[in-house]
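Numbering of the sequence shown is given in the numbering used here, commencing with residue 237 and proceeding in unit increments.
Glycine is no exception: its CB is placed at the ideal position from the N, C-alpha and C atoms.
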Amino acid sequence: MVNEKMEAALNAQINAEIYSGYLYLSMASYFEDIDLAGFANWMRVQASEELEHGMKIYDYVIRRGASVTLEAIEKPQTEWDSPLAAFEHVLSHEKTVTGLINNLVDLAIAEKDHATNNFLQWFVEEQVEEEENAMEILAKVRLAGDNNSILYTLNEEFAGRVRNTINE
Ligand code: FEO
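As structure tokens, this is what we get:
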């Protein structure tokens with residue numbers, strides 16, 4: 237079992253992960269609007285991973301005999317000033333999510349919930365990867381600047397992103 241505090245915190249994280257998916261889907265729509273379909277593909281893949289993150293917690297809550305209670309998903313931002321601004325937002329958002337995961341780990345430790353702490357370690361590692369990916373892409377987009385031919389090349393690269401399975 238997880239206690240009520242842990243149950244509430246895990247439910248909040250399900251919401252945060254689904255919101256992340258919503259945010260990246262909104263960024264995908266922004267990139268479609270400015271004719272960067274490859275960037276949009278990258279965001280779609282990202283969104284789908286976020287929904288899987290939410291489901292991973294959803295399934296864990298059920299396995300621990302607790303209840304999933306879904307709340308409203310906040311409306312995401314819909315416009316960005318540039319591809320660079322969007323990817324700066326990705327990195328800052330992922331840093332925020334890292335903070336949320338760290339808070340969950342702190343709570344699991346405080347509540348002596350070793351199983352949940354162990355479960356959360358997957359997310360701790362995942363956030364290292366999420367921030368690493370965001371920093372790498374941000375650097376590329378920053379280097380491209382206003383150079384449309386480099387942006388086009390990046391667009392082609394991002395069009396090739398496919399989804400990894402969550403259990404890798
Ligand atoms: Fe679910 Fe992008 O962290």
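Kindly indicate which residue of N239, Q282 and G381 has the alpha-carbon position closest to the one of V297.
-> When N239, Q282 and G381 are compared, the shortest CA-CA separation from V297 is found for N239.
Give the DSSP-derived three-state secondary structure of S262 in the structure shown.
-> helix
Residues near the ligand FEO, CB to any non-hydrogen atom under 6 Å, in chain order?
-> E253, S256, E286, H289, E330, V333 and E366
Would you mind reading off the limits of the alpha helix (DSSP H) that contains T305?
-> From DSSP, T305 is part of no alpha helix (DSSP H); its letter is neither H nor E.
Would you grab the beta carbon distance between E330 and E366 for me? Rounded to a whole angstrom, and I think it's under 8 Å.
-> 5 Å
Helix, strand or coil for H325 per DSSP?
-> helix
Count the CB pairs spanning the segment 247-263 and the segment 371-388 that are closer than 8 Å, and state whether there are at least three.
-> no
Which of helix, strand or coil does DSSP assign to N403?
-> In this prediction, N403 scores a pLDDT of 47, lower than 50, which makes its location untrustworthy; the coordinate-derived value is nonetheless stated afterwards. Residue state, collapsed to three classes: coil.
Straight-line Cα distance separating S318 from A252 | Those two C-alpha atoms are separated by around 25 Å.
Can you tell me the Cβ-Cβ gap for I345 and N353, rounded? I've got them flagged as a contact below 8 Å.
-> 6 Å
Could you tell me whether the Cβ atoms of V360 and I337 are closer together than 8 Å?
-> yes
Assign R399 to one of two classes, buried (16 or more other C-beta atoms within 10 Å of its C-beta) or exposed (fewer than that).
-> exposed
Measure the alpha-carbon distance for E393 versus S262 and round it to whole angstroms.
-> 20 Å
Where Y300 and I293 are concerned, what is the direct C-alpha to C-alpha distance, given to the nearest angstrom?
-> The amino acid occupying residue 300 in the given sequence is Arg; Tyr does not appear at that position. Cα to Cα, R300 sits roughly 11 Å from I293.
DSSP three-state assignment for L272, whether helix, strand or coil = coil
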